[in-house]
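*Asks:* This is the structure I have questions about; it appears just below.
Residue numbers (my numbering): 824 to 1083.
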């Protein structure tokens, strides 16, 4: 593997778009991908996907694993510098630790990115379920507790974008009817708590609550997740809601004090 594709055959703008297509071809549960799978997921010709992958390896954004490639550590390092993510995560971790201690369950912090949630931090619990979420991973917003909590406190165009994208199924219990989702979001807006009742994966449940900015719109969400036969979401909902409200106040105070 070698050679560069940055110059000559494609403009910088074209290369950048294709490089993004290759990088975003990776899913949360992927380890390494070969050229054929990269091409299929990115929609690029196999030779093009292969050449771009080589350049990304040279840049440290991808790493070799035999004849395949995986996301590189440099991507993680860059991601940790995103201001919104860093400030939110740093403020949230103490509250997440308290939630995990109080509930003995897995605690998530997520933000909305388009029609999906991106997991910023996850504090796992020993003996907890193998969850479909990973730090930096994505799931459709409408099948997750954190996603619904954020959508319920987001501008109407954010909700409409999710509806326009189509409500795909992640499990047999995922809500795919726009009317049902709209009614659920209205309830969440009144109560401040959202639930995932095996909608993101069989046997997994959670209670989630939005983290709000000074304008009353969600900047993220916290959740507590666990096995459906071990966790009663309604029982942990008050603790999740309290933690999210307290985190919201903490962020508001930092913004008011001019913290970066």
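All C-beta atoms in this analysis are idealised placements derived from N, C-alpha and C, irrespective of residue type, glycine included.
1. Tell whether a beta-carbon distance below 9 Å holds between residue 897 and residue 876.
2. How many Å lie between residue 983 and residue 1056 at the Cα?
3. Would you mind stating whether residue 1045 and residue 1028 have Cβ atoms separated by less than 9 Å?
4. Under three-state DSSP, which class holds residue 978?
5. State the start and end residues of the unbroken beta strand (DSSP E) segment that holds residue 944.
6. Rounded to a whole number of angstroms, what is the C-alpha to C-alpha distance between residue 987 and residue 974?
7. So that I know if they touch, is there some Cβ in chain D lying closer than 9 Å to that of residue 1049?
8. Buried or exposed, going by whether 16 or more other CB atoms sit within 10 Å of the CB of residue 967?
9. Just tell me which of 838, 1021 and 1042 has its CA closest to the CA of residue 933.
10. For residue 873, write down the residues that DSSP places opposite it in a beta bridge.
11. Quick check on the burial criterion: 16 or more other C-beta atoms within 10 angstroms. Buried or exposed for residue 978?
12. Exposed or buried, which one is residue 843 when buried takes at least 16 other CB atoms within 10 Å?
*Replies:* In short:
1. What you label residue 897 is simply residue 74 of the chain shown in a count that begins at 1. What you label residue 876 is simply residue 53 of the chain shown in a count that begins at 1. Against a cut-off of 9 Å, the Cβ pair of residue 876 and residue 897 comes out as no contact.
2. One-based indexing of the chain shown puts residue 983 at position 160. One-based indexing of the chain shown puts residue 1056 at position 233. Residue 983 and residue 1056: Cα-Cα distance of roughly 27 Å.
3. For the purposes of this step, residue 1045 is identified with residue 222 of the chain shown, where counting begins at 1. For the purposes of this step, residue 1028 is identified with residue 205 of the chain shown, where counting begins at 1. No, these two residues do not count as a Cβ contact at 9 Å.
4. Translated into the one-based positions of the chain shown, residue 978 becomes position 155. Looking at residue 978 - three-state DSSP - the assignment turns out to be coil, as it is neither helix nor strand.
5. The residue given as residue 944 occupies position 121 in the chain shown. Start and end: 939–946.
6. One-based indexing of the chain shown puts residue 987 at position 164. One-based indexing of the chain shown puts residue 974 at position 151. Residue 987 and residue 974: Cα-Cα distance of roughly 14 Å.
7. In the structure shown, chain D does not exist; there is a single protein chain.
8. Against the chain shown, residue 967 aligns to sequence position 144. Flag for residue 967 reads buried.
9. As a working mapping, residue 933 is identified with position 110 in the chain shown. Closest option to residue 933, Cα to Cα, is 1042.
10. Working through the chain shown from its first residue, we reach residue 873 at position 50. Answer by DSSP bridge pairing: none, since residue 873 is not bridged.
11. Residue 978 sits at position 155 when you count from the first residue of the chain shown. Burial call: exposed.
12. In the chain shown, counting from the first residue as 1, residue 843 sits at position 20. With fewer than 16 other Cβ atoms within 10 Å, it is exposed.
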